[in-house]
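>
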Amino acid sequence: MDVVGGLLQGFQVALGFNNLVMCVIGVVLGTVIGVLPGLGPPATIAMLLPLTMKLEPTGAMIMLAGIYYGAKYGGSTTSILLNVPGETSSVVTCIDGYQMARQGRAGPALGMAAIASFVAGTFGVVALMLVAPPLAQLSLAFSAPEYFGLMVLGLTMVVLLAGDSLVKALLAMLVGLWIAGMGSDLFSATSRFTFGRVELLGGIDFIIVAIGLFAVGEVLGNMEPLNPPSMIPVPKGLRNLMPTWQDMKDCRFAFVNGSVVGFLIGVLPGAGSTIASFMSYGIEKAVSKHPERFGKGAIEGVAAPEGSNNAETGGALVPLLTLGIPGSGTTAILLAALILWGFKPGPLFIQDSPQLFWGLVASMYIGNVLLLVLNLPLVAVFAQLLRIPAYAMNPLILGVSIVGVYTASGSMFQLGLLAFFGLLGYAMRKLEFPTAPMVLGLVLGDNMEKALRQSLMMSQGDPSILVRPIPAVLLSFAALLFLVPLFKKLNAFRVQVLERDS
Amino acid sequence: MKPFVRSGDFWSGIALAALGAYIVSEARRWTYVSDEGPGAGFFPLWYGGFMVALSLVLVAQAVLRGAAPAEVRWSEVRRALTAWVAFVACVALMPWIGFMAAFALLAWFVVAVMARRPQRIAIPVAVGFALFFYALFDWGLDLPLPHSAWF
């Protein structure tokens, strides 16, 4: 079946009344889930899975997928308004989104997040539809050494995320790697850095660290002054909440960057939307004519990661549907759902179940439009959160943090960890250690170690396996990235000399 | 007192060097490389070593910089730490008095004590938030929160 024919059949399926209703339920629920920190799509989809057994599989899959990509839209709202990542993939949006909100530009940040999500999300669906088979084949060529190269490249983004001190950024990243390495070693079952606690055998959940550093740490910082500054003023009217034409022009490259990087990272199993958003943010900063604006409220710093994490959804569905390989926790649950309904995701899935595949693709086009329509007018509604006074906002954030961590883990010990990481986040702020590199190390650490050890096992300890063509290119890029600060220093010195001589 | 002794970079560098040394000492107890390839100690040994080296760079930078560090407002730090202690107390009390009562106490503390708002604001905010979270998650979404014998 050709693409046009398949898509027409898909729209016939997706525009059926029941499936349309399921799509609306999915995207609305996804947005709500995205806004609530800690309550992510994997937990929600897992909770709803037993209920969907009573539903028609196509409608159920459309709804579950709607939750998956709808949450990506909602996650940015919390990042921008509260500096709390609603979704793990929205961590990067906190950096510039929250700064924009503090500068009174919450509306344009929210609007831009929705627009970038729509543009890149739609690109992701188009790419899923058009280039799924060849890209899936390319990702099959990736094995452990290539993944190691990719992870190292991801980690070198720390150079771009560093503030004034690269040493501090690298140290924060190393602490992230240490936390990522806690728990039972997958290869040898050795308990590492568990301090004799059974609860640490499974490692520390990323979301606890993220909520602790970003949410609790922020609240502690807010508590410092006796009379804290009033909350960020909210512009009235939808027009004031929309990005300006100049903002749109500034974000042209961010749309392309977010779309392409997000989709390509999504195709690679295990990479995930958090890495995609970090990468697109790093690229955006690297190519910007004004990289110094990043971290201080650059709108491109919102558009690129938000676009990227939405395009990643389309990419993540490629290996899931065409190879039966899930690349993340959420897609693993979606795979389980498909198998429970009696489908066989893999090379023959599109051929055997065209109604489901094309119905899903078409529903994602509809879902993205619905999310844009929902999120742009609702920007004003969500922005009203900022009207809540600081004395009420602080316990609200603490409450959402406690509930998010407890409902995800059901453990008091994890709440203790949340308190610890909250204090660490506050201390890092006071000591001017950037928090983003630590999160980056935490996200990539486990996979990087796994890839390195698998590579060296494959080569029986010979490190030359890491200089095969693809990893060699990736590692060379990483090395070049590390030289960026050196070039900047040299350039600054050159300018100083020129000014002195003139 | 030397200026660098009052520097946050100096002390955080010392603390991170100690953490790096701990990581290295732990990693040395685990297998570095075996016949099957790198062991559990391989990766931690490397990043622990890097951590020690970079921490010492941070300490050296603080010592060589020499200039007096920015003044720390200890009264503000005390307020933040007080809020943190209240948060820890809330978590510690939860198994005994349940989420609703523990969180209501935390919210009351933040509003009445930290923000110095009158009781007519603090009490409704505390009770309202506790009820809201409990109703939404425990009753509405069936996501159980810590319970006590009463709540």
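Here the protein sequences line up with chains A and B, keeping their order. Numbering (our numbering) for the first sequence: 1 to 502. Numbering (our numbering) for the second sequence: 1001 to 1151. Beta carbons are placed, not taken as given, at the ideal position from N, Cα and C, and that holds for glycine. It should be emphasised that the depicted structure is a prediction, and the values quoted were computed from it without experimental measurement.
Could you check where the alpha helix (DSSP H) with A:S143 kicks off and where it finishes?
Taking the first residue of the first sequence as position 1, residue 143 of chain A is located at position 143. Note, A:S143: premise wrong, no alpha helix (DSSP H); not H, not E.
> Of all the options A:R102, A:G258, A:L213 and A:I333, which has the alpha carbon lying nearest to the alpha carbon of A:F118?
As a working mapping, residue 118 of chain A is identified with position 118 in the first sequence. Answer by Cα proximity: A:G258.
> So, helix, strand or coil for A:G6, using DSSP?
Working through the first sequence from its first residue, we reach residue 6 of chain A at position 6. Helix at A:G6.
> Under three-state DSSP, which class holds B:P1038?
One-based indexing of the second sequence puts residue 1038 of chain B at position 38. Strand, per DSSP.
> Distance, Cα to Cα, A:V261 vs B:S1075?
Walking along the first sequence from the start, residue 261 of chain A turns up at place 261. Walking along the second sequence from the start, residue 1075 of chain B turns up at place 75. Distance between the alpha carbons of A:V261 and B:S1075 is about 46 Å.
> Suppose you measure from the CA of A:D247 to the CA of A:V219; what does that come to, to the nearest Å?
Locating residue 247 of chain A in the first sequence gives position 247, where the first residue counts as 1. Locating residue 219 of chain A in the first sequence gives position 219, where the first residue counts as 1. Looking at the two C-alpha atoms, the distance is approximately 30 Å.
> Do three or more CB pairs link the segment 55–73 of chain A to the segment 305–314 of chain A at distances below 8 Å?
Yes, they touch.
> Shortest alpha-carbon distance to A:A215 belongs to which of A:L335, A:T274, A:I80 and A:P345?
Against the first sequence, residue 215 of chain A aligns to sequence position 215. Comparing Cα-Cα distances from A:A215 to each of A:L335, A:T274, A:I80 and A:P345, the minimum goes to A:I80.
> In this structure, what does DSSP give as the bridge partners for A:R192?
The residue labelled residue 192 of chain A in the question sits at position 192 within the first sequence. Paired residues: A:G183.
> Alpha carbon to alpha carbon, how far is A:D398 from A:G221?
Your numbering for residue 398 of chain A matches position 398 in the first sequence. Your numbering for residue 221 of chain A matches position 221 in the first sequence. First, the residue type needs correcting, since residue 398 of chain A is Leu and not Asp in the sequence shown. When rounded, the distance between both Cα atoms is 13 Å.
> Pick out whichever of A:Y147, A:A332 and A:T435 has its Cα sitting closest to the Cα of A:I45.
One-based indexing of the first sequence puts residue 45 of chain A at position 45. Of A:Y147, A:A332 and A:T435, the residue nearest in Cα terms is A:A332.
> In whole angstroms, what separates the C-alpha of B:W1011 from that of A:L338?
The sequence position of residue 1011 of chain B within the second sequence is 11, counting from 1. The sequence position of residue 338 of chain A within the first sequence is 338, counting from 1. Taking the straight line joining both Cα atoms gives about 54 Å.
> From the beta carbon of A:M504, is the nearest beta carbon of chain B less than 8 Å away?
In the structure as shown, chain A starts at 1 and stops at 502, and residue 504 of chain A therefore has no counterpart that could be examined.
> How far does the alpha helix (DSSP H) with A:K72 in it extend, from its first residue to its last?
Here the question's residue 72 of chain A lines up with position 72 in the first sequence. Where A:K72 is concerned, the enclosing alpha helix (DSSP H) stretches over P57 to L82.
> Going by DSSP, what residues sit across from B:V1033 in a beta bridge?
Here residue 1033 of chain B corresponds to residue number 33 of the second sequence, with the count starting at 1. The partner list for B:V1033 (beta bridge, DSSP) reads B:P1038.
> What are the start and end residues of the alpha helix (DSSP H) that includes A:Y281?
Counting from one through the first sequence, the residue named residue 281 of chain A turns up at place 281. Taken as a continuous stretch (DSSP letters only), the alpha helix (DSSP H) holding A:Y281 covers G272 to V287.
> Report whether the distance from the Cβ of B:S1034 to the nearest heavy atom of the ligand FAD is below 7 Å.
Of the ligands one can find in the structure shown there are none, so the ligand FAD has no counterpart to examine.
> From which residue to which residue does the alpha helix (DSSP H) around A:K249 run?
For the purposes of this step, residue 249 of chain A is identified with residue 249 of the first sequence, where counting begins at 1. First-last of the alpha helix (DSSP H) with A:K249: W245 to D250.
> Tell me which same chain residues have a C-beta within less than 7 Å of the C-beta of A:E300, skipping the five on either side of it?
Along the first sequence, one-based indexing puts residue 300 of chain A at 300. Only D250, C251, A254, E284 and S288 meet the Cβ criterion.
> Is the shortest distance between the beta-carbon of A:A451 and the beta-carbons of chain B less than 8 Å?
Your numbering for residue 451 of chain A matches position 451 in the first sequence. Judged by the 8 Å Cβ criterion, A:A451 is not in contact with chain B.
> In terms of residue numbering, what span does the alpha helix (DSSP H) encompassing A:D446 cover?
Within the first sequence, numbered from 1, the residue matching residue 446 of chain A stands at position 446. Element bounds for A:D446: A436 to M458.
> Mind checking the segment 1008–1022 of chain B against chain A and listing, in chain order, the residues whose C-beta falls within less than 8 Å of any C-beta there?
Listed in sequence order: G1008, D1009, S1012, L1016, L1019 and G1020.
> Alpha carbon to alpha carbon, what distance is there between A:N375 and A:A479?
Counted from its first residue, the first sequence places residue 479 of chain A at position 479. Counted from its first residue, the first sequence places residue 375 of chain A at position 375. So the alpha carbons of these two residues sit roughly 40 Å apart.
> In whole angstroms, what separates the C-alpha of A:L25 from that of A:K450?
For the purposes of this step, residue 25 of chain A is identified with residue 25 of the first sequence, where counting begins at 1. For the purposes of this step, residue 450 of chain A is identified with residue 450 of the first sequence, where counting begins at 1. According to the sequence shown, residue 25 of chain A is Ile rather than Leu. In a straight line, the C-alpha of A:I25 is about 38 Å away from that of A:K450.
> Quick one, which residues of the segment 1037–1071 of chain B are near chain A if we go by CB-CB under 9 Å, in chain order?
Hits within the stretch, in order: G1037, P1038, G1039, A1040, G1041, F1042, F1043, P1044, Y1047, G1048, F1050, M1051, L1054, S1055, V1057, L1058 and Q1061.
> Please classify B:P1144 as buried or exposed, where buried requires at least 16 other C-beta atoms within 10 Å of its C-beta.
On the second sequence, position 144 is the one that residue 1144 of chain B refers to. Exposed.
> Given A:Q103, which residues of its chain have a CB within under 6 Å of its CB, disregarding the five upstream and five downstream residues?
As a working mapping, residue 103 of chain A is identified with position 103 in the first sequence. Closer than 6 Å at the Cβ level, and outside the excluded window around A:Q103, lie G297.
> Does any C-beta atom of chain B lie closer than 8 Å to the C-beta of A:N394?
Position 394 of the first sequence, counting from 1, holds the residue named residue 394 of chain A. Chain B, which has a Cβ nearer than 8 Å to the Cβ of A:N394, makes this yes.
> For B:S1007, count the other beta carbons within 10 Å of its own beta carbon; 16 or more makes it buried, fewer makes it exposed. Which is it?
Counted from its first residue, the second sequence places residue 1007 of chain B at position 7. Flag for B:S1007 reads buried.
> Is A:T190 close to chain B? Criterion is C-beta to C-beta, closer than 8 Å.
Along the first sequence, read from residue 1 onward, the residue named residue 190 of chain A stands at position 190. Interface residue, yes.
> Taking the C-alpha atoms as reference points, what is the distance between A:L55 and A:V13?
Position 55 of the first sequence, counted from the start, is the residue given in the question as residue 55 of chain A. Position 13 of the first sequence, counted from the start, is the residue given in the question as residue 13 of chain A. Roughly 15 Å separates the two Cα atoms.
> Here's a check: name, in chain order, each residue in its chain whose Cβ is nearer than 7 Å to the Cβ of A:R429, leaving out the five neighbours to either side.
For the purposes of this step, residue 429 of chain A is identified with residue 429 of the first sequence, where counting begins at 1. So the qualifying residues of the chain are G217 and G221.
> Take A:A116 and list the residues in its own chain whose beta-carbon comes closer than 8 Å to its own, dropping the five residues that flank it on each side.
For this step, residue 116 of chain A is matched to residue 116 along the first sequence. Same-chain partners within the cutoff: C251, A254, F255, G258, V302, A303, A304, E306, G307 and N310.
> Apart from the five residues on each side of it in sequence, which residues of its chain come closer than 6 Å, Cβ to Cβ, to A:S230?
As a first step, residue 230 of chain A is located in the first sequence; it is residue number 230 there, counting from the start. Caution is warranted here: a pLDDT of 47 is assigned to A:S230, below 50, making its placement in the model unreliable, and the coordinate value is therefore given only provisionally. There are no such residues.
> For A:L317, count neighbouring C-beta atoms within 10 Å of its own C-beta (all shown protein chains included) and say buried if the count is 16 or more, exposed if not.
Locating residue 317 of chain A in the first sequence gives position 317, counting from the first residue. That one is buried.
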